[in-house]
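Heads up: the structure comes next, in C-alpha cells.
Chains as they are written, first to last, in the working numbering: chain A, 3 to 303; chain B, 89 to 699.
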C-alpha cells in the first residue's frame, strides 16, 4: 500500500527532531553518506532540519574504490548542489594489500574496506556521533537497534546490552571511549523512502532507473560489468540487459534486477508488487545467518 | 472539549511470551496484511528450528519475528524489536515487540512508553496469570490508552465460549482496579488464524471486532489540545535570522501568539513559524518547526515555549513514578542527571514514597528501588524546569534519569504532580555575605574534607590541624563523622543509601559553616566517589579541598582504634569500608597524605598547600 502524505509527514517530523538533537547534543557529528536512496533522503531531511542555516556537520563517504562509477559522479554533483563539506576516506592499507572483492572473501573484503575503513575515519576525525540511513525494516538485527545506539570502545555494538530508549527523550551522553550511531530513518520502510522521493523530488542516483547495461551472470545473480577490472571468465562477453539496482554498494557485490521502471513512480509500483526483501540483492549479507548482526557488532553500520 | 484525532501512525506494544504464541500472532498479522517481503515468507516455509512441530511447507509464523542470534537459540525474546505494518485503512502500525519474561520489565516499559495500543496475550487454557497482571499494570502506568486482551489458543479448548467468558469476567475486575476503560477481550487462535485479521467461523458466539479491526479503529482522544509546548532543541542562526528549533506537542501555535519562554517567563510574540523550507501560519502537534520571536528574547537549548495565557509553572520539586532500569539500585540523596526532551538538570531523589507490588497493586515501604522495580518518589531538581503531569501529556510529563558516572539511562520517570515547594521556598539574599563574614575573621573560608578508611588517621590529623589553626588565631570547626552519628545522623546506618545521606548531610552542614566564614575540617570515611563529588558541587572552585588520608588497610587493621576491624573479622560488621564494603579512592583529590607518616608533617602539608 502506498504511504500516505500524512504518514510521510509524521516520519519526516520525527527524523528532523532526531537530526536536530544530534547536531545540538554532540561535540562533532558526521553524516555517513553512502550515495544511495536512503542517504539521499537523509540529506534532504538534513537540509530541511536546519534551513535557513546550512547543514552544520560534514558528510563522509567511505570509498572502497569499487563503487559504481555513476555513484562517484553523482556524489560530486550532490556536493556541488548542496554545498556539502565532504570527507572521503579509503582504507589505504587495504588498497596496498590489494584487498578486492574478487580475490578476498566477500565478508573479509567488507570488513577491511568498509568496517575497518569506517572505524579509521571516525577515529582520525574524532567524530563522537555518526548519523546513518539504516532502517529497521532492512534486516532483523536492525529491527532491534535503538535510534541513538551506543558504541563501546573500538566501535563495538553490544546488542544484548542496549541503553533503554523511552518516549522521544534521547540520552546523548557518552563516556570518553564511547561513540554514538544515530539512525533518523529507523521507522521508515523501503516504500516510504520511494514515496518520499517522489513527493519531494529528491534527486537520486541514475542507477536506480532501468537502462540497458552490460551484465554477466554469477549463479542466479546478475552483475554489471562497470569497468575493466572485472575478471571475465575466458571468452565471456557481457550481455546488454535492461536493469536497475534496488540498493547501491560495491559493483561486483551488488546484483541487478531486470526492470522497465524508468521513473520514480514506476519504481514505487515495482516495489509494491515485487515484495522481495531489498537486501536480497546484496551478496555480502546472506553468506551466513546472522551475518549482519556479526558485522554490526564489529562496527559496521 | 474532547477531540478525536486520526493519527496516521499507530504504535502498538505487544506483551506476552513465546509460550503464549506471541511470535506466531505477530507473524500472522504481518503476513495477512502483506507486510512481509515474499522471500522472507518463503524462507519461513522451509527453515525449521530444532523441536519445531510445524510441517515443512507451512509457514512457521514465529520465525518472522525473532531477532538476535541468542534469542533464536534460546527461543526467547531479550530486547524490543520494532516492525512496521500497513493497516488496511491506509494507516501505519509500528509494532514494538516486548519480551515477556519478568526480568525484562524494563524492556516492556521501553516498548510501552510510546505505545497507543497494547496487545496483551492470555493463553486460554491457562487463564489470567501474574504475568498478565504485570503486563496490564505496566501498560496502564505508561499511559497506553487502549488494550486488546488476546485470548489465544481457543482452538485447543474446542473454541469454548465458557472458557472465554470466564476470562472476560476475571478481567473486568482487574481493569477496574487499574483504571483501564478502553479494552476488549478478543478470542483468537493465532495458529489457525481465527479473528486475527479474518473473522472466525469457529466462534459464532463472538460478535465483537477482530484483533486487526480493534487496533486500527483507535483514535487519539485528547481532552484538550490547548496547551502547546515547544522544547528548544537548538538555536537556528543565519543571516538576519535567529529562531528556536524544536517540536511542538499538545496543541497548535499560530503566528502572532503571545508566548513565554520557560523557565525565565520572558514574554514575546511569535513573528514567524518556519518549517519545510517555508513559512507557516500555524503549526500543530508533533510538527518540527522554528519559532521566531519578537522581541528576540534570550532563550537557549533546554528552554521551552508555551502560550502566555496558559503555561506550565516551572518547579523544582516533583512527585513522580519511576521505573528503575539501572543495574545499580536507586539511592535517594544521590545526584543524577534528569533529561526531559532537550532539558537537562541535576536532580536528587529526596524520598521513596513507596514501591509498587506489581501484581497485587499494593504499596510497600522501600528504602531502595532495584532493577525492574516501580515506585513513587519525590524528586528535587537543581533549578526549576517546566514539567506537567504525565496524564496530561506524555511528551511534557516524562523524563529519564541518567547515572552521572556511567552515563547510562537508569530510570524512566512520569510526573504525578508538581510539589509547589519551589514557589514557596525561595532563597533570600542577605547583605552580609560569606565573604564579609570571613573577612571580618581575617581568613578565607574553606572546607578541608578528609576521606579515608576507618583508622587511617583522619580524626588525629583533624585534631592536630585545628590546634595549629587555633594557635594562629583562625576560626575553625571540626565535623567528625563518628560524633555526628551520635546526634544529627543517629537515624542512619551503614548501607550504601544511608552512607549517601550521611555524606549529603555533613556536606550541607559544612557548606553552612563555610558560609558563616569558618574553616571547616571534615573527618569522614565517605567511601563513595559519587557522594563526595555531590558535596564538591555545592562549593565554588577553591572553597573545597578533598584530602585522601591514604593508609594501607593492614595498617588500619593493626591500629583498629575502635575495634571495628575485629568486629568485621568476627562477622559482626558487614559494611565496614575497605573490608565488607568498597572504598572508592579519590581520583581528583587536591592532596594525598601518607597516613603512616608523621602527623606534624601531614598537618604542615595541609597548611602549606591548602590554607
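In this text, a Cβ means the ideal position worked out from N, Cα and C, and glycines have one as well. None of these values were measured; they are calculated from a predicted model.
| Extent of the continuous alpha helix (DSSP H) run through residue 83 of chain A | 71 to 84
| task | Reducing DSSP to helix, strand and coil, say where residue 123 of chain A ends up. | result | helix
| query | Assuming residue 634 of chain B contacts residue 690 of chain B under a Cβ cut-off of 8 Å, what Cβ separation, rounded to an integer in Å, is found between them? | reply | Distance from residue 634 of chain B to residue 690 of chain B at the Cβ level is roughly 15 Å; contact not present, criterion being Cβ atoms closer than 8 Å.
| message | So if DSSP puts residue 245 of chain A in a beta bridge, which residue, or which two residues, is it bridged to? | response | Beta bridge pairing from DSSP links residue 245 of chain A with A/213, A/260.
| request: Give the single residue among B/580, B/295, B/588, B/475 whose Cα lies nearest to the Cα of residue 403 of chain B. | output: Here the closest residue by C-alpha is B/475.
| Given that residue 428 of chain B touches chain A, what residues does it touch there, using C-beta distances under 8 Å? | By Cβ distance, chain A contributes 171.
| Neighbourhood of residue 509 of chain B by C-beta distance below 7 Å, restricted to the same chain and skipping five residues each side | Residue placement at residue 509 of chain B cannot be trusted, given a pLDDT of 49 that sits under 50; what the coordinates show is reported in the next sentence. If we look at residue 509 of chain B and ignore the five residues flanking it on each side, its Cβ neighbours are 405.
| request: Select from the stretch 313 to 329 of chain B all residues with a C-beta closer than 7 Å to any C-beta belonging to chain A, and list them in chain order. | output: 321, 322, 324, 325, 326, 329
| field | First through last residue of the beta strand (DSSP E) which encompasses residue 470 of chain B | value | 462 to 473
| residue 335 of chain B versus chain A: which residues are under 9 Å apart at the beta carbon? | Using a Cβ-Cβ cut-off of 9 Å, residue 335 of chain B is close to 15, 16, 18, 19, 22, 170 of chain A, given in chain order.
| query | When you compare each of B/568, B/492, B/175 to residue 625 of chain B by their alpha carbons, which one comes out closest? | reply | B/492
| query | What are the boundary residues of the alpha helix (DSSP H) that includes residue 595 of chain B? | reply | Run containing residue 595 of chain B: 584 to 603, per the alpha helix (DSSP H) assignment.
| said: One question on the structure: do residue 523 of chain B and residue 567 of chain B come within less than 9 Å of each other, judged by their Cβ atoms? | reply: no
| query | Along chain A, in chain order, which residues have C-beta atoms closer than 7 Å to that of residue 112 of chain B? | reply | Under the 7 Å cutoff, chain A gives no residues; its nearest Cβ is about 16 Å from residue 112 of chain B.
| message | Using a Cβ-Cβ distance cut-off of 9 Å, determine whether residue 96 of chain B contacts chain A. | response | yes
| query | Near residue 387 of chain B, which residues of its chain fall below 7 Å by C-beta distance, leaving aside the five closest residues on each side in sequence? | reply | If we look at residue 387 of chain B and ignore the five residues flanking it on each side, its Cβ neighbours are 320, 332, 349.
| Per-residue contacts from residue 165 of chain A into chain B (C-beta, under 8 Å) | Contact annotation for residue 165 of chain A against chain B: 496, 497 [CB-CB distance below 8 Å, chain order].
| field | Coil, strand or helix - residue 189 of chain B by DSSP | value | coil
| Using DSSP with H/G/I as helix, E/B as strand and the rest coil, what is residue 622 of chain B? | Correct three-state label for residue 622 of chain B: helix.
| If we ignore side chains and look at the alpha-carbon of each, how far apart do residue 391 of chain B and residue 26 of chain A end up? | In this structure, the alpha-carbon of residue 391 of chain B lies about 13 Å from that of residue 26 of chain A.
| request: Using the Cα positions of residue 639 of chain B and residue 645 of chain B, report the straight-line distance between them to the nearest angstrom. | output: Roughly 10 Å separates the two Cα atoms.
| task | Out of B/468, B/441, B/450, B/448, point me to the one whose CA is closest to residue 456 of chain B's CA. | result | B/441
| With which residues is residue 283 of chain B paired in a DSSP beta bridge? | DSSP lists no partner for residue 283 of chain B.
| On the three-state DSSP scale, how would you describe residue 569 of chain B? | helix
| the stretch 363 to 388 of chain B: which residues have C-beta closer than 7 Å to a C-beta of chain A, in chain order? | 364, 365, 374, 375, 376
| Separation of residue 628 of chain B from residue 48 of chain A, as counted between CA atoms | 41 Å
| query | Counting only beta-carbon atoms, is residue 104 of chain B nearer than 9 Å to chain A? | reply | It does not: the Cβ of residue 104 of chain B has no partner Cβ on chain A nearer than 9 Å.
| request: Take residue 494 of chain B as the anchor and find which of B/297, B/425, B/177, B/594 has the nearest alpha-carbon. | output: B/425
| task | Would you identify the three-state DSSP class for residue 329 of chain B, choosing helix, strand or coil? | result | strand
| request: Indicate the three-state DSSP secondary structure (helix, strand or coil) for residue 219 of chain A in the structure shown. | output: strand
| task | Excluding the 5 residues preceding and the 5 following residue 301 of chain A in the sequence, name in chain order all residues of the same chain whose CB lies nearer than 6 Å to its CB. | result | 117, 121, 157
| query | Is there contact between the stretch 270 to 283 of chain B and the stretch 350 to 367 of chain B, where contact requires at least three CB pairs shorter than 8 Å? | reply | no
| message | If the cut-off is 8 Å on Cβ atoms, which residues from the stretch 483 to 494 of chain B count as contacting chain E, listed in chain order? | response | In the structure shown, chain E does not exist; the protein chains are A and B.
| Local conformation of residue 95 of chain B per DSSP, three classes | Three-state DSSP puts residue 95 of chain B in coil, outside helix and strand.
| query | Whose Cβ in chain B lies nearer than 8 Å to the Cβ of residue 183 of chain A? | reply | Chain B residues near residue 183 of chain A: none, gap ~16 Å exceeds 8 Å.
| query | In chain A, which residues lie less than 8 Å from residue 167 of chain B when you measure between Cβ atoms? | reply | 146, 161, 162, 164
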